[in-house]
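Residue numbers (the working numbering): 239 to 825.
Where a beta carbon is used, it is the ideal one built from N, C-alpha and C, also for glycine.
Nothing here was measured: the structure is a model prediction, and the numbers come from that model.
What follows is a single structure, written as structure tokens, with notes after it.
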Ligand code: ARG
């Protein structure tokens, strides 16, 4: 059951081939929604250029060749050569009937199921997950859910920061306070506080200068990094403990958010440790890496600094340590060679654009990455506070992510208490979680992922506008109609009733679900799905205002409208599910 745009594209391409020759079959018919009809075909102007004829003549030739009889009224030629198309209502109704019978709700099967690696979330061990991580987590999770619904094989990779220089100081601090101490407990509740305490000790020791026997905290921390990286068993054991405590913290956040990441998706920086030396050796052997100011560097083509000097990507620091870039090169190789990725999406903050672009280019030059793999940085913009600055701190103290999520749920509790004081306590608690978390996620998702936005709980929780609660309420309303219908013994018809304008407009919206989802999978832009669901919910409201369901006298119409409402419910729920947002039973 092709959606209108796809069916129209097909018909017009056949017409191009018939009117102008086979070589024109692939021309884009440029089918767009129209203000004057349902759609317009804007191809005549471009084809006229190619054919050296007048656009209006081309439009007429297309019109003569196109076979739309079963599908649309005869198109009208407008302006320089636009073809305005009004679909036949009986065609729309027939498509809606097919949609209602389709378990996949019109989601197209992929031409080829691809292996898509999605790198997202990636918080750092023993550090607070900040709202930036929240956004990469939420957007990434919406993408993996969507790609799976589209039939792709998704490989989640949580590239957590679990390696590197800070671990010397963190391990020393954990040894000092003791694994079972209250301070160590912070790792599970407020890891940033743990990190800050270690940092403070380190800085104080640095300020004082090293002790003669190097027994001071800073010297011990530095020595600890070396023992860790040399693979010392005792040090690794305590490092493992540190990482485990942090993992529990991540999972508490993931559970609260209902994010699909689990332990099996962890592929932290430490997991590439053994590959780092090989990365450097191979790049040196290829003549791509050379020593510059003591450090081993790659100079990927096309990246220059202010003075037009080539920018280095440091892969081994002076003194021998490997860094973030080396790890990313090893990770990229692993994803291409071992995970056999067709596509890789890096859902990471915009600020890391240069880093990733240089890593991609270096990997291309090394031949590790070819055009066969579609690699993309899904850039994530910042979340800002009311002061317009990146949301990091509130009233001086550090902003804990869990506290923020709890605040959202508490505020949502206020919303549901007011809306439905009659619901049982435990149900209101559940709905408050669905609304609160849904609102925070939806705010991340409904803005295009690379733009900044201001964190504003009141706006996120509003029952009007393009918000989670608006969509959740739309679902709850349809479900309530469904319950009433059942109580009255009214059953939905198999075929939705699509006759009047509002029914027709709603049906047309419903037919777009599959194509929109496919578009999100191809562009990695969940905000397109949000915009779609919002207009679908609006079309439902317009339909329900114009066309009574249970109050309708005609039994057949009543059942047909109920079917249309049910179909809307399914699409809304499925769409919200692709975003990772729950739809309450009642609200
Ligand atoms: N841990 C990093 C951070 O907090 C993000 C890692 C993203 N993934 C990657 N492959 N570099 O900034």
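Starting from the C-beta of residue i, find all residues in its chain whose C-beta is less than 8 Å away, skip the five residues before and the five after it, and write them out in chain order.
i           : result
residue 755 : 345, 384, 387, 388, 767, 813 and 816
residue 801 : 338, 730, 731, 732, 733, 734 and 735
residue 666 : 651, 654, 655 and 658
residue 779 : 712
residue 661 : 654, 669 and 824
residue 503 : 394, 395 and 396
residue 633 : At residue 633 the pLDDT is 39, less than 50, meaning the model places this residue with poor confidence and gives no usable figure here.
residue 796 : 728, 787, 788 and 790
residue 785 : 738, 740, 741 and 799
residue 726 : 788
residue 462 : 405, 406, 407, 409, 410 and 473
residue 286 : 292, 293, 295, 296 and 319
Along the chain, where does the beta strand (DSSP E) containing residue i start, and where does it finish?
i           : result
residue 387 : Premise fails: residue 387 lies in the alpha helix (DSSP H), 369-387, not in any beta strand (DSSP E).
residue 320 : 320-323
residue 360 : Unbroken run through residue 360: none, as it is neither H nor E.
residue 277 : 277-279
residue 587 : 581-587
residue 615 : 612-618
residue 536 : 533-536
residue 578 : Premise fails: residue 578 is in no beta strand (DSSP E) and is neither H nor E.
residue 528 : 527-530
Could you name the residues of the same chain whose beta carbon sits closer than 7 Å to that of residue i, not counting the 5 residues immediately before and after it, in chain order?
i           : result
residue 653 : 673, 699 and 707
residue 477 : 405, 409 and 466
residue 431 : 424
residue 455 : 410, 439, 440 and 443
Which of the three DSSP states, helix, strand or coil, is assigned to residue i?
i           : result
residue 295 : helix
residue 632 : Here the model assigns residue 632 a pLDDT of 45, short of 50, so the residue's position is not dependable and the matter cannot be decided.
residue 541 : coil
residue 738 : coil
residue 307 : coil
residue 505 : coil
residue 808 : helix
residue 773 : helix
residue 314 : strand
residue 415 : helix
residue 395 : strand
residue 346 : coil
residue 708 : helix
residue 826 : There is simply no residue 826 to check, as the chain begins at 239 and stops at 825 in what is shown.
residue 762 : coil
residue 748 : helix
residue 263 : coil
residue 713 : helix
residue 244 : helix
residue 551 : strand
residue 787 : coil
residue 730 : coil
residue 353 : strand
residue 270 : strand
residue 559 : coil
residue 754 : helix
residue 408 : helix
Would you check whether the ligand ARG has a heavy atom nearer than 7 Å to the C-beta of residue i?
i           : result
residue 397 : yes
residue 430 : no
residue 584 : yes
residue 361 : yes
residue 357 : yes
residue 566 : yes
residue 569 : yes
Tell me which residues share the same chain as residue i and place their Cβ nearer than 6 Å to its Cβ, disregarding the 5 neighbours each side in the sequence.
i           : result
residue 822 : 669, 672, 710 and 714
residue 331 : 736
residue 580 : 352 and 353
residue 635 : In this prediction, residue 635 has a pLDDT of 45, which is less than 50 and means its spatial position is unreliable; what the coordinates show is noted afterwards. Taken in chain order, the list of residues that qualify is empty.
residue 692 : 622
Locate the alpha helix (DSSP H) running through residue i, then write down its first and last residues.
i           : result
residue 286 : 282-289
residue 516 : 511-523
residue 338 : 327-339
residue 600 : 591-603
**Q.** Uninterrupted alpha helix (DSSP H) stretches inside the region 620-678 (no shorter than 4 residues)
**A.** Unbroken alpha helix (DSSP H) stretches of 4 residues or longer found wholly inside the region 620-678: 639-657, given in chain order.
Q.
Just to confirm the assignment: which complete alpha helix (DSSP H) runs, minimum length 4, are found wholly within the region 421-495?
A. Within the region 421-495, the complete alpha helix (DSSP H) segments at least 4 residues long are 429-446, 455-467 and 471-495, listed from N- to C-terminus.
Q.
Could you tell me which whole alpha helix (DSSP H) segments of length 4 or greater appear in the region 682-708?
A. Whole alpha helix (DSSP H) segments, 4+ residues: 695-698.
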